[in-house]
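Residue 270 in full-length UniProt numbering sits at position 40 of the sequence shown, with consecutive numbering throughout.
Each residue gets a CB set at the ideal place from its N, CA and C atoms; glycine is no exception.
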Amino acid sequence: PFEVELASSGQVFQIPAERTVFEVLDEAGIEIESSCEQGVCGTCVTRVLKGTPEHRDKFLTVAEQAANNCFTPCCSRAKSSRLVLDL
Ligand code: FES
């Protein structure tokens with residue numbers, strides 16, 4: 231499990247192992263556009279301001295993944311205990 235923090239509001243959400251960032255935020259009424267929900271289309275790409283994503287998508291290039299400044303909340307997770315998202 232890890233946490234995501236929304237930069238705009240400071241709200242913090244716990245992401246349990248069995249749920250995606252997208253699901254948890256969607257349930258809280260935080261809308262992120264999504265389509266495939268499998269890491270393929272890139273619709274959900276969200277900027278990461280702090281923390282290290284664990285990329286599980288097939289959309290970002292290797293260089294984009296290595297930059298760690300965005301991730302796909304529909305399927306990717308975190309290596310750090312918290313990600314701060316530009317939301
Ligand atoms: Fe398609 Fe996330 S919704 S990559």
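- Cβ neighbours of ASN298 within its own chain (closer than 7 Å, five residues either side excluded): VAL278, THR282, PRO283.
- Contact check for GLU233 against ARG312 passes: the beta carbons are separated by less than 8 Å.
- The Cβ neighbour count for THR291, taken over all protein chains shown within 10 Å, is under 16; the residue is labelled exposed.
- Beyond the five residues adjoining it in sequence on each side, THR250 comes within less than 7 Å, by CB distance, of PRO303, CYS304, CYS305 in the same chain, given in chain order.
- With the criterion CB distance below 6 Å from any heavy atom of the ligand FES, the matching residues run SER264, SER265, CYS266, GLU267, GLY269, VAL270, CYS271, GLY272, THR273, CYS274, ASP287, PHE289, THR302, CYS304 along the chain.
- Where GLU233 is concerned, there is no enclosing alpha helix (DSSP H), although the beta strand (DSSP E) around it starts and stops at 232-236.
- Residue state for VAL275 is assigned as coil, using DSSP reduced to three classes.
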